[in-house]
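Notes to accompany the following structure.
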Amino acid sequence: MRKPLPLMKGDVIAVCAPAGPVDAGRLGRGIARLSAAGFVPEIADGVLAVEGYLAGDDAHRARQVEWALTLPEARAVMAARGGYGTARILPLLDWKKAVRRRKLIVGFSDMTAILSFLSTRLGFPCLHGPMAAADLALRFDPEALDAFARLAAGEVSPREPWGRPMERIRGGAAEGVLAGGCLSVITTLLGTPYEPDFRGALLFLEDVGEPAYRLDRMLTQWVQSGRFSEIAGILVGTMAPARGESEEGIRRVFHDAGKVLSVPVRYGFPAGHAGKNVALPFGVRARVDKKGRLFLLDSPVEAG
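Per this note's numbering, residue 1 is the first one in the sequence shown, and the count goes up by one each step.
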């Protein structure tokens, strides 16, 4: 496993748009907050392009990502936002060449397509974390940004509880390699060359506005495909229920999946589309104890 280099204050973060169209005002707010935190954002040419529900056609978005991955001075690549479209450009990029450049790749939501592929198939750690024109612009949380900066710099101790204690849904402690992301996005990768390998995973899952029956349908597909048969446990992120539904319905769906799989399930890690978005390192070992505390047993970046 070749870890990316640590991201320190003063380092360049290359910002690109692999998915949906980017709002200029939101991007400006997010860039300002990254700058105020001590980073140096560099923005891809054409980041504000629009083609329907995409930030430009597939070739245009792939060029943006390629630029970010190859920018010599950049230590990290951050998606401007999610939406839809990232999976469409996966075949257009040389990912094995990209990971040799050892940049920290950051994002969430639709970026799950890249994060889950790199962290489980290529063994390259990534950060499920902030995006410039998304959470950094719309629900800015200084504590979450500080947590991202510490994690990206390799400054988190394996003895430090990460995030906040999670609610017990079923089972006890669990240990495995953190992986996962947005449930609806990873489900679209089933049966493709970019399907994540979740064997041994401490699986983090989140989504937004999905009715309980659709969460159930996606989890059932994973369970019946056998792809979850060797996971170590499930951590559910902060999830906003669909209109007219409650979090209790979400808890029940994940409880039932955990019961079928005979794995522990914890609920409410503060990451994802709702509330705080505390960064999580995909591709490194972690442990959740009987009190629901998460401990990151390894760093996602190379030791300084």
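For each residue, glycine too, the CB sits at the ideal point set by N, CA and C.
Bear in mind that the values here come from a model prediction, so they are computed numbers and not experimental data.
Point to revise | Tyr-84, DSSP secondary structure in three states | key: To locate residue 84, count along the sequence shown from 1; it is residue 84. Coil at Tyr-84, not helix or strand.
Check your understanding: Hey, how far is the Cα of Leu-90 from the Cα of Pro-161?
Key -> The residue you call residue 90 lines up with position 90 of the sequence shown. The residue you call residue 161 lines up with position 161 of the sequence shown. Rounded to whole angstroms, Leu-90 to Pro-161 spans 34 Å at the Cα level.
Check your understanding: In its own chain, which residues sit with a C-beta less than 6 Å from the C-beta of Val-301, not counting the 5 before and 5 after it?
Key -> Residue numbering aside, residue 301 sits at position 301 when the sequence shown is read from its first letter. Here the set comprises Lys-3, Pro-4, Pro-6, Gly-154.
Exercise for review: Please report how far the alpha carbon of Val-99 lies from the alpha carbon of Gly-244, in whole angstroms.
Suggested key: In the sequence shown, counting from the first residue as 1, residue 99 sits at position 99. In the sequence shown, counting from the first residue as 1, residue 244 sits at position 244. Each residue's alpha carbon lies about 43 Å from the other.
Check your understanding: Could one say the Cβ of Trp-95 lies closer than 8 Å to chain D's Cβ atoms, at least one of them?
Key -> Of the protein chains in the structure, only one exists, and it is not chain D.
Review point. In this structure, what does DSSP give as the bridge partners for Val-15?
Key: Walking along the sequence shown from the start, residue 15 turns up at place 15. Val-15 is bridged to Ile-43, Met-78.
Review point. In chain order, what residues of the same chain have a beta carbon less than 6 Å from the beta carbon of Gly-233, not counting five sequence neighbours either side?
Key: For the purposes of this step, residue 233 is identified with residue 233 of the sequence shown, where counting begins at 1. For Gly-233, where only same-chain residues beyond five positions count, the Cβ hits under 6 Å are Ala-174, Leu-202, Val-263, Pro-264.
Review point. Residue ranges of each alpha helix (DSSP H) run of no fewer than 4 residues wholly in the segment 218-287, ordered along the chain?
Key: 247-261
Review point. By Cβ distance below 6 Å, which residues in the same chain neighbour Phe-124 in space, the five residues on each side in sequence not counted?
Key: Along the sequence shown, read from residue 1 onward, the residue named residue 124 stands at position 124. Correct list, in chain order: Val-99, Leu-118.
Point to revise | Cα-Cα separation between Arg-227 and Phe-198, rounded to whole angstroms | key: Your numbering for residue 227 matches position 227 in the sequence shown. Your numbering for residue 198 matches position 198 in the sequence shown. If you take the alpha carbons of Arg-227 and Phe-198, they lie about 7 Å apart.
Check your understanding: Are Leu-48 and Ala-24 touching if we call contact CB-CB under 8 Å?
Key -> By one-based count along the sequence shown, residue 48 stands at place 48. By one-based count along the sequence shown, residue 24 stands at place 24. Their beta carbons are under 8 Å apart, which means Leu-48 touches Ala-24 by this criterion.
Review point. What number of angstroms, rounded off, separates the C-alpha of Ala-247 from the C-alpha of Val-260?
Key: As a first step, residue 247 must be located in the sequence shown, where it is residue number 247. As a first step, residue 260 must be located in the sequence shown, where it is residue number 260. The sequence shown places Glu at residue 247, rather than the Ala named in the question. Going from the Cα of Glu-247 to the Cα of Val-260 covers about 20 Å.
Review point. From Ile-186 to Phe-108, what distance separates their C-alpha atoms?
Key: Along the sequence shown, one-based indexing puts residue 186 at 186. Along the sequence shown, one-based indexing puts residue 108 at 108. Distance between the alpha carbons of Ile-186 and Phe-108 is about 12 Å.
Check your understanding: Are Pro-18 and Ser-116 close, meaning C-beta to C-beta below 8 Å?
Key -> Locating residue 18 in the sequence shown gives position 18, where the first residue counts as 1. Locating residue 116 in the sequence shown gives position 116, where the first residue counts as 1. Contact: no.
Point to revise | Backbone CA spacing between Ile-169 and Asp-256 [nearest angstrom] | key: In the sequence shown, residue 169 corresponds to position 169, counting from 1. In the sequence shown, residue 256 corresponds to position 256, counting from 1. Using only the alpha carbons, I get a separation of about 10 Å.
Check your understanding: When the Cα atoms are used, what is the spatial distance from Gly-144 to Phe-282?
Key -> Mapped onto the sequence shown, residue 144 falls at position 144. Mapped onto the sequence shown, residue 282 falls at position 282. Just to set this straight, residue 144 is Ala in the shown sequence, not Gly. Their backbone Cα atoms lie some 17 Å apart in a straight line.
**Study point:** Rounded C-alpha distance that separates Ala-36 from Ala-80
**Key:** Locating residue 36 in the sequence shown gives position 36, counting from the first residue. Locating residue 80 in the sequence shown gives position 80, counting from the first residue. Taking the straight line joining both Cα atoms gives about 17 Å.
Point to revise | C-alpha distance - Arg-293 paired with Glu-51, whole-angstrom precision | key: Here residue 293 corresponds to residue number 293 of the sequence shown, with the count starting at 1. Here residue 51 corresponds to residue number 51 of the sequence shown, with the count starting at 1. Cα-Cα distance, rounded: 43 Å.
Practice item. Look at the alpha carbon of Pro-193 and the alpha carbon of Val-177, and state the distance between them as a whole number of angstroms. Key: Taking the first residue of the sequence shown as position 1, residue 193 is located at position 193. Taking the first residue of the sequence shown as position 1, residue 177 is located at position 177. Going by the C-alpha atoms only, they are around 21 Å apart.
Check your understanding: Nearest to Leu-205 by alpha carbon, out of Arg-102, Asp-58, Arg-33, Asp-110?
Key -> Reading the sequence shown from its first residue, position 205 is the one you call residue 205. Per the Cα distances, Asp-110.
Point to revise | Gly-46 vs Gly-56 beta-carbon contact at 8 Å | key: Locating residue 46 in the sequence shown gives position 46, where the first residue counts as 1. Locating residue 56 in the sequence shown gives position 56, where the first residue counts as 1. Yes; because the gap between Cβ atoms is below 8 Å, this pair is in contact.
Review point. Do Gln-221 and Leu-190 have their C-beta atoms within less than 8 Å of each other?
Key: As a working mapping, residue 221 is identified with position 221 in the sequence shown. As a working mapping, residue 190 is identified with position 190 in the sequence shown. Cβ atoms of Gln-221 and Leu-190: closer than 8 Å.
Check your understanding: Of all the options Pro-72, Arg-63, Leu-104, Lys-96, which has the alpha carbon lying nearest to the alpha carbon of Leu-88?
Key -> Looking up residue 88 in the sequence shown gives position 88. Before going on, a small fix: residue 88 reads as Arg here, not Leu. It is Arg-63 whose Cα lies nearest to the Cα of Arg-88.
**Study point:** Check whether Met-166 and Leu-235 have beta carbons under 8 Å apart
**Key:** Locating residue 166 in the sequence shown gives position 166, where the first residue counts as 1. Locating residue 235 in the sequence shown gives position 235, where the first residue counts as 1. Contact flag set, yes.
Check your understanding: Ends of the beta strand (DSSP E) at Val-65?
Key -> Along the sequence shown, read from residue 1 onward, the residue named residue 65 stands at position 65. Careful: Val-65 lies outside any beta strand (DSSP E), inside the alpha helix (DSSP H) at 58-70.
**Study point:** Buried versus exposed call for Glu-210 [16 or more other C-beta atoms within 10 Å across all chains shown]
**Key:** Looking up residue 210 in the sequence shown gives position 210. It is buried - the Cβ of Glu-210 has at least 16 other Cβ atoms within 10 Å.
Check your understanding: Does DSSP put Glu-175 in a helix, in a strand, or in coil?
Key -> Sequence index remark: in the sequence shown, residue 175 carries index 175 (1-based). Looking at Glu-175 - three-state DSSP - the assignment turns out to be strand.
Point to revise | Cβ neighbours of Phe-254 in the same chain (closer than 7 Å, five flanking residues each side left out) | key: In the sequence shown, residue 254 corresponds to position 254, counting from 1. Excluding positions up to five away in sequence, the list reads Ile-169, Ile-234, Val-236, Val-265, Tyr-267.
Review point. How is Gly-52 classed by DSSP in three states: helix, strand or coil?
Key: As a position in the sequence shown, residue 52 is number 52, starting the count at 1. Gly-52 falls in the coil class under three-state DSSP.
Check your understanding: Does DSSP classify Glu-143 as helix, strand or coil?
Key -> The residue you call residue 143 lines up with position 143 of the sequence shown. Note: Glu-143 maps to helix in three-state DSSP.
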